[in-house]
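Structure record follows, encoded as structure tokens.
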Amino acid sequence: MSEVGEPATAVAEETDSVLLRFRAASVRAERRLAGGDRPSPAEEMRSIADEAAKLDDPEAWDRYGELGPVEVLERRICELLGKPAAAMFPSGIMAQQSVLRVLCDERGSRRVALPGLSHLLVHELDGPQLLQGFRYERLTTGSSFPVASSLTKIPGRLGAVLLELPLRDGGYLLPSWDELADFSRACHDRGVPLHFDGARIWESQPHLGHGLAEICALADTVYVSFYKGLRGLSGAAVAGPPEVVDEARQWRSRLGGTLATLLPYALSALRGLRVELPRVPDYQARAQELASELKTRGIRVFPDPPHTNAFRIFAPVGHEGLNERLVAFMEDERTTLTPPWEAADVPGWSWTEFTVGAATLNWSVCEAVDALCRVVDASPDA
Ligand SMILES: Cc1ncc(COP(=O)(O)O)c(C=O)c1O
């Protein structure tokens with residue numbers, strides 16, 4: 116799923132003229148409030164080529180995912196996450212299917228416990244069940260993060276347990292460090308492997324208050340994404356014990372993911388680790404500042420304060436008028452602000468997601484909140 120610029124959930128129809136205008140205005144925009152800057156394809160390719168020049172061997176290619184920048188990237192992931200082995204994948208969906216399949220086969224059970232709002236359940240068109248025969252057990256429903264007692268409520272043999280850090284469809288929710296450590300202990304005591312869907316683990320680190328390797332030590336295996344917060348082209352990696360990662364590589368080939376080269380994706384991931392990763396704490400701090408200022412202007416946020424650089428915004432106005440104003444603003448100002456808004460559960464309220472990235476830091480908090488308030492326009496006759 117894209118980070119910004121798309122509806123937060125898939126409710127809007129292609130035929131919706133406001134959505135079509137939204138997309139057109141988004142492409143034409145010269146300035147962005149949410150997420151990262153949007154380089155042209157040519158600028159992006161030049162930037163990725165420049166990344167190759169920074170490597171010890173700028174001439175090296177990977178061949179079918181071995182050697183070259185892919186190997187450099189996999190080594191870097193091992194160091195950062197404190198895991199002995201890592202394998203790059205073209206997509207997170209493939210990475211998680213592969214590693215969960217290996218864990219489940221080892222345990223002799225395809226039952227996987229995971230949050231009801233997990234990406235696997237909500238956004239993967241049942242692929243993991245259809246292709247791998249997983250049977251899901253829901254640890255939670257709705258916007259809550261699983262805790263150790265959520266696991267106790269699921270008796271019987273499990274192949275693996277998955278936690279999504281942060282739980283994106285719950286509002287980018289994270290547990291406290293102690294809750295996460297308790298959960299990990301509960302899995303360990305039960306002898307079931309814990310896997311982290313760490314698509315946004317980079318953005319989870321400031322809230323958890325521990326280093327990436329300490330966080331990953333709580334799980335047996337971890338998947339990370341290179342194209343969300345790190346703003347790579349695409350791509351993912353799984354890290355964990357060598358025998359699990361080796362077997363996951365076999366699944367990568369079986370699923371058609373061992374491409375002749377992963378070079379552009381690997382280079383863009385290395386750029387993300389070098390440029391974007393150190394900025395994550397600033398993004399999270401700015402998310403908290405924006406959220407706090409929005410609240411003083413009658414706009415609610417969830418979670419409050421945000422756990423990561425992304426959060427949900429709720430406004431006491433209907434989403435249709437709000438989206439009209441949003442698109443008019445984008446067209447007039449050649450500026451994007453948020454993804455389209457959707458109807459909230461509370462009648463007459465709307466919500467959307469907001470993600471802080473490099474583009475957001477080019478705005479002062481005041482200027483950003485003024486622009487959002489201009490669009491929300493919560494006055495009674497709005
Ligand atoms: C939490 C989470 N897990 C997994 C994925 C799948 O990643 P990919 O798009 O690389 O297949 C995504 C993608 O948005 C995600 O948000």
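Going by this note's numbering, the first residue of the sequence shown is number 116, and it counts up by one from there. Backbone N, C-alpha and C define an ideal beta-carbon position, used for all residues, glycine too. Because the structure is a prediction, the values reported are computed rather than measured.
Go through its chain and collect everything with a Cβ distance to T256's Cβ below 6 Å, but skip five positions before and after it. Counting only Cβ-Cβ distances below 6 Å, and skipping sequence neighbours, we find G231.
Where DSSP assigns a beta bridge to T475, which residues make up the other side? T475 pairs with nothing; no bridge assigned.
In three-state DSSP terms, what is H238? When secondary structure is reduced to three states using DSSP, H238 falls in the coil class, being assigned neither helix nor strand.
Under 8 Å between C-beta atoms of Y287 and F426: It is a contact, given that the beta carbons lie within the stated cut-off.
Is V528 helix, strand or coil when you go by DSSP? In this structure the chain extends from 116 to 497, so residue 528 is not present and cannot be described.
Can you list every residue whose CB sits closer than 6 Å to some heavy atom of ligand 1, going in chain order? With the cut-off at 6 Å, the residues found are M116, S206, G207, I208, H234, E279, R283, D312, A314, S340 and A351.
Output yes if chain B places a C-beta closer than 8 Å to the C-beta of D492; else output no. No chain B appears in the structure shown, which is made up of a single protein chain.
Rounded C-alpha distance that separates A201 from P357: Looking at the two C-alpha atoms, the distance is approximately 8 Å.
H310 lies in the beta strand (DSSP E); which residues open and close that run? If you look at H310, you'll find it in the beta strand (DSSP E) that goes L309 to G313.
Taking 8 Å as the cut-off, decide whether the C-beta atoms of D177 and E166 are in contact. Not in contact: D177 and E166 (Cβ atoms no closer than 8 Å).
Which residue wins for smallest C-alpha separation from L258, given the options R272, Q211 and E279? In the sequence as presented, Leu is not what sits at residue 258; that position holds Ser. The closest CA to that of S258, considering only R272, Q211 and E279, is found on E279.
A384 - containing alpha helix (DSSP H), residue span: Per DSSP, A384 belongs to the alpha helix (DSSP H) from L378 to V390.
Which same chain residues, not among the five before or five after L289, have their C-beta less than 6 Å away from its C-beta? Excluding sequence neighbours, L289 sits near P281, S319, H322 and H422.
Pair every Cβ in the stretch 217–237 with every Cβ in the stretch 265–280, then say whether three or more of these pairs are closer than 8 Å. Cβ pair count under 8 Å is three or more, so yes.
From V217 to F341, what does the alpha carbon distance come to, in whole angstroms? So the alpha carbons of these two residues sit roughly 22 Å apart.
Could you name the residues of the same chain whose beta carbon sits closer than 8 Å to that of T267, not counting the 5 residues immediately before and after it, in chain order? Closer than 8 Å at Cβ, skipping near neighbours: A301.
Decide if L273 is buried, meaning its Cβ has at least 16 other Cβ atoms within 10 Å, or exposed. In the assembly as shown, L273 is a buried residue. Its beta-carbon has 16 or more other beta-carbons within 10 Å.
Apart from the five residues on each side of it in sequence, which residues of its chain come closer than 8 Å, Cβ to Cβ, to V262? Within the same chain, Cβ atoms closer than 8 Å to the Cβ of V262 are found at P290, E294, D297 and F298, the five residues on either side in sequence being excluded.
When the distance is taken between beta carbons, is A406 closer than 8 Å to P396? No.
G183: first and last residue of the uninterrupted alpha helix (DSSP H) it sits in: Unbroken alpha helix (DSSP H) run through G183: G183 to L196.
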